[in-house]
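FYI, in my numbering the residues of the sequence shown are 69 to 204.
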Amino acid sequence: MDILPFFLIFFFLFGKIAIISFLYSIPCAIISGTLCEWYWGTTLGKSIFKIKVIDDFGNDPGLWLSLKRNFLCLANFWPIFSDYIPLANDNWEKEFTEMHFSMNLNNKICKTYIVKENKRQEIKNLLYPKKTKAVQ
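In structure tokens form, the structure reads like this:
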């Protein structure tokens, strides 16, 4: 979603061909995503869906963590292959290879989470419960 505005700018305003516009858009989306997540905790695409990025402590990610997270978004498109071999007595099944994309690999590595904006305060309250005096 965040790559689309950059693609359209390169394609229509600068008159680049589609593949070049796409390739130019990737670093632009990584840089703008990093700065937006660091400053506001969200990007253009995430704000449309009303979601935010938080770290283990419920805060917006720092600049370095956000840069690492956005750069690792490219790793989400690296497929994971797994072979399926049926049991010996399952004659009706055949062997095959499955391909999976892990769309949250960057969040696992960086220990960040995507949450709904309206749940962020609730998460912070669970992480940091308010200390109250015990009633005597």
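Yeah, the Cβ is synthetic: ideal placement off N, Cα and C, and Gly gets one too.
Presumed contact (8 Å Cβ cut-off) between ASN144 and SER115, rounded CB distance = ASN144 to SER115, Cβ: 20 Å. No contact.
Length at least 4, wholly inside the segment 90-152: the alpha helix (DSSP H) runs in chain order = 112-116 and 131-139
query = What's the gap between the Cα of GLY126 and the Cα of ILE71?
reply = 26 Å
task = Determine the burial state of THR110: buried for a count of at least 16 other Cβ atoms within 10 Å of its Cβ, exposed for fewer.
result = THR110 should be labelled buried.
inquiry  = Helix, strand or coil for GLU185? Go by DSSP, reduced to three states.
reply    = helix
ask   = Would you report the Cα separation of CYS104 and GLU166, rounded to the nearest angstrom?
value = 36 Å
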